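Going by this note's numbering, the first sequence opens with residue 4, and the numbers climb by one from there. Every residue gets a Cβ at the ideal spot worked out from N, C-alpha and C, and that includes glycine. Note that this is a predicted model, so its numbers are computed, not measured.
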Amino acid sequence: MTDLERLRHSSAHVLATAILRIWPEAQFAAGPPVEGGFYYDVELRHRITPEDFPRIEAEMKAETKANHVFERVEVTRDEAIALAKEGRLAALGARPEPSKFKLDIVERIPEGETITLYRNGDFTDLCAGPHVMRTGNIGAFRLTHVASAYYKGDERNPQLQRIYGTAFKNKTQMDEHFAMLEEAKKRDHRKLGAEMGLFAMDPEYVGPGLPLWLPKGTAIVEELEKLAKETEFAAGYVRVRTPHLAREKMYQTSGHLPYYAESMFPAMELEDDGGARASSPHSEASSLGTSSEPEGRMPSEAGWKPALPIADRYYLKAMNCPHHHRIFAAEPHSYRDLPLRLAEYGCCYRYEQSGELFGLMRVRSLNMNDAHIYCTEEQFADEFRAVNEMYLKYFSIFGLGKYQMRFSTHDPEKLGQKFVDEPELWKKTEDMVRRVLVESGIHFVEVPNEAAFYGPKIDVQVWSAIGREFTIATNQVDFAVPRKFGLVYRDRDNVEKTPLCIHRAPLGTHERFIGFLIEHYAGNFPLWLAPEQVRIITIGDDPALADYAKAIHRELRASEVRTDIDLSNDPIKAKIADAETAKVHTMLVIGHRDLEAGNVSVRLHGKGNVGAKPRAEALAGILAAIRERRG
RNA sequence: GCCGGCAUAGCACAGUGGUAGUGCAACGGUUUUGUAAACCGUAGGUCGUCGGUUCGAAUCCGACUGCCGGCUCCA
């Protein structure tokens, strides 16, 4: 635990002390330090709102001012249980009700482990520590928000009120922290995306979680696809294209149904005569509130019923793998064909729970930078390594430094439930992956029980501007599903064998990756990605200047540079301000001086005027920077 | 899906019982300019939806939908 985490953990105790002074019956669960602060989970009849914060903070202040010592006390299990039953844990003294969450926690502490309490003034808590010496060591604190959380993070457990706060050694550091949060809010991709006209959400007509890519956002989408296509072509991938839906049999075979069904849009059902009907009966309810019956349909009290039995069901695809597997199955394969690397920017649909949707980071329609590599066991290590190297190459292009590689493995106790029951294959593939990671010198953390149901995986975790964690890229091993689809290749020894499959998506989905890039660059995209790469700005609307500007505009557009032109008669300062606000990467300012000299005055977004250059030199520089994808 | 909050013009916000306002953006005009915002004018909202209370509702109450903060979950 770092010094700051220790301080914040102590702050949580001070928070609990303060809440108990106001509401002595409060029941506390867990109060750890977290990124950016701390929280304490509390069960309390009174709904704590930000209006209560001043009152609670005043009590906290009193506690830090009292400068109580944090006293560590070792107790036996029986003593701890007895105290909990008397309601004295996470409490100021004995209470009529037991400290039920603390009791539950004590009972789960393994035999033989030391049990400790911490006291500050009247407050006693079950706690492993450590803490700062005295409550007065907490120099500055503030409560920030209140949310709700399930006890132990399990949605079957009761929901507690989670009071968040933050604390620092002194007020200066706390002020800096809040200033930084303000800055971070400005980078929020939802805000920038709207301001810059990159994407739009239209929950009423299109639906929640179904982003519309506006022209400027689409420019970024297409640049990323171009990068992926070039990179994958060079790495020996071949491109395929598949439909957005498939029959039920596809997902029964893959094993996604019924386990994954909740995350899929409901099936489209076809009647026996081939006519489609809505799959959900409540879609019949009149949404217009009119009393007229839908034409051509017989109303019925029990709701509209299909006249014919369901002949077929189709699902929007939630993943591309099964389609790619069927592409593999479409032709016979020899070991000479392997590795076969099928790539596609596949559009998938996932019915994420409404509360999970979050801007572009979590959506219901996803364009995935997907590929499936079918290979032999001998080829696996090289292929897996090459995929990891591709990740690193991408990250260097985007100047992405802060990420974490997470190696997710299975939990042997959940074989046959969460994970396919193939203990030998799990061990073998996990060993292979671990070896590749170690040999490549890639730093990673290993997380059990997080694998896909069909094999181990590596996820790359990043953090959004406002601190949420996301998986931005994934690299997964699949030793199970190819067999379910009966995929085989004929080996050297003339025996049919099942290939291993690597699922990989180094650029994740367009939605999440671009959402992340917006925040990463704070909207100030490098030239090659910038939605508006160049804007030509004339000083005044003199026709001679306009002609010169139009010629440059034509020349840039002929080279597929996203260029706009501002010929208006607004004052030059206003035109510059417009372009800067729009985060246009390069501004070419043209006045009479430039026209006469055959120059353009180059101004870079955020960097200001960099001076006049000969027209040809300036344009060649722009083309080269784009071609080389320079920062 | 769960807990809590919020919903007024394209955007940012004001308006707490007497039938809607400001700034920016948009549009029309004036201004003719050297690197972050010139001036004048015009237009734009059945105040998320449905229902209730009231002589009267943006305002009070309820339901629904959506969004936001979290939880759960995930590319």
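Residue i versus residue j: straight-line alpha-carbon distance, rounded
| i | j | result |
| --- | --- | --- |
| residue 318 | residue 267 | 8 Å |
| residue 642 | residue 485 | Outside the displayed range of the chain (4 to 634) lies residue 642, so it cannot be described from this structure. |
| residue 602 | residue 610 | 20 Å |
| residue 212 | residue 368 | 7 Å |
| residue 129 | residue 273 | 60 Å |
| residue 525 | residue 195 | 8 Å |
| residue 57 | residue 10 | 21 Å |
| residue 506 | residue 348 | 13 Å |
| residue 440 | residue 388 | 8 Å |
| residue 189 | residue 98 | 47 Å |
| residue 96 | residue 49 | 20 Å |
| residue 187 | residue 470 | 9 Å |
| residue 543 | residue 527 | 27 Å |
| residue 298 | residue 244 | Bear in mind that a pLDDT of 32 at residue 298, under 50, signals an unreliable position, so the number given afterwards is only what the model happens to contain. If you take the alpha carbons of residue 298 and residue 244, they lie about 39 Å apart. |
| residue 154 | residue 105 | 12 Å |
| residue 631 | residue 532 | 12 Å |
| residue 548 | residue 541 | 7 Å |
| residue 497 | residue 230 | 39 Å |
| residue 161 | residue 339 | 57 Å |
| residue 636 | residue 270 | There is simply no residue 636 to check, as the chain begins at 4 and stops at 634 in what is shown. |
| residue 252 | residue 405 | 42 Å |
| residue 233 | residue 510 | 13 Å |
| residue 263 | residue 82 | 46 Å |
| residue 304 | residue 313 | Residue placement at residue 304 cannot be trusted, given a pLDDT of 36 that sits under 50; what the coordinates show is reported in the next sentence. Distance between the alpha carbons of residue 304 and residue 313 is about 21 Å. |
| residue 450 | residue 607 | 44 Å |
| residue 77 | residue 120 | 6 Å |
| residue 443 | residue 135 | 41 Å |
Proximity below 7 Å, CB of residue i to CB of residue j
| i | j | result |
| --- | --- | --- |
| residue 363 | residue 534 | no |
| residue 390 | residue 478 | yes |
| residue 100 | residue 115 | no |
| residue 332 | residue 503 | no |
| residue 353 | residue 374 | no |
| residue 521 | residue 568 | no |
| residue 461 | residue 408 | yes |
| residue 422 | residue 456 | yes |
| residue 15 | residue 34 | yes |
| residue 242 | residue 346 | yes |
| residue 60 | residue 146 | yes |
| residue 371 | residue 203 | no |
| residue 383 | residue 435 | yes |
Presumed contact (8 Å Cβ cut-off) between residue i and residue j, rounded CB distance
| i | j | result |
| --- | --- | --- |
| residue 219 | residue 239 | Actually they are not in contact, since the Cβ atoms of residue 219 and residue 239 sit about 33 Å apart, beyond 8 Å. |
| residue 475 | residue 463 | 5 Å |
| residue 66 | residue 138 | 5 Å |
| residue 17 | residue 164 | In fact, because the Cβ distance is near 17 Å, the residues do not count as touching under 8 Å. |
| residue 633 | residue 555 | So it is not a contact: roughly 21 Å between Cβ atoms. |
| residue 75 | residue 168 | The pair is not a contact, with the Cβ atoms about 23 Å apart (cut-off 8 Å). |
| residue 564 | residue 537 | 6 Å |
| residue 622 | residue 530 | That belief does not hold up - the Cβ atoms of residue 622 and residue 530 are roughly 13 Å apart, past 8 Å. |
Start-to-end residues for the alpha helix (DSSP H) that takes in residue i
| i | result |
| --- | --- |
| residue 148 | It is not in any alpha helix (DSSP H) - residue 148 instead sits in the beta strand (DSSP E) that spans 143–153. |
| residue 407 | Looking at the DSSP string, residue 407 is not in any alpha helix (DSSP H); the run it does join, the beta strand (DSSP E), is 407–411. |
| residue 18 | 6–25 |
| residue 579 | 575–584 |
| residue 506 | Where residue 506 is concerned, there is no enclosing alpha helix (DSSP H), although the beta strand (DSSP E) it sits in stretches over 503–508. |
| residue 240 | Looking at the DSSP string, residue 240 is not in any alpha helix (DSSP H), and its letter there is neither H nor E. |
| residue 632 | That residue, residue 632, is in no alpha helix (DSSP H); it is neither H nor E in DSSP. |
| residue 67 | 56–69 |
| residue 253 | 251–257 |
| residue 109 | 103–111 |
Beta-ladder partner(s) of residue i, from DSSP
| i | result |
| --- | --- |
| residue 599 | DSSP lists no partner for residue 599. |
| residue 449 | 410 |
| residue 127 | 94, 122 |
| residue 637 | Absent from the model: residue 637. The displayed extent of the chain is 4 to 634, so no value can be given. |
| residue 313 | 274 |
| residue 612 | 606 |
| residue 162 | 153 |
| residue 378 | 503 |
| residue 321 | Answer by DSSP bridge pairing: none, since residue 321 is not bridged. |
| residue 167 | 42, 148 |
Where the beta strand (DSSP E) through residue i begins and ends
| i | result |
| --- | --- |
| residue 273 | 271–274 |
| residue 357 | Segment: none, residue 357 is in no beta strand (DSSP E) and carries neither H nor E. |
| residue 464 | 460–466 |
| residue 75 | 74–78 |
Residue i beta carbon near the ligand FMN (any heavy atom closer than 6 Å)
| i | result |
| --- | --- |
| residue 559 | Inclusion of the ligand FMN in the displayed structure is not the case, the ligand content being empty and no account of it being possible. |
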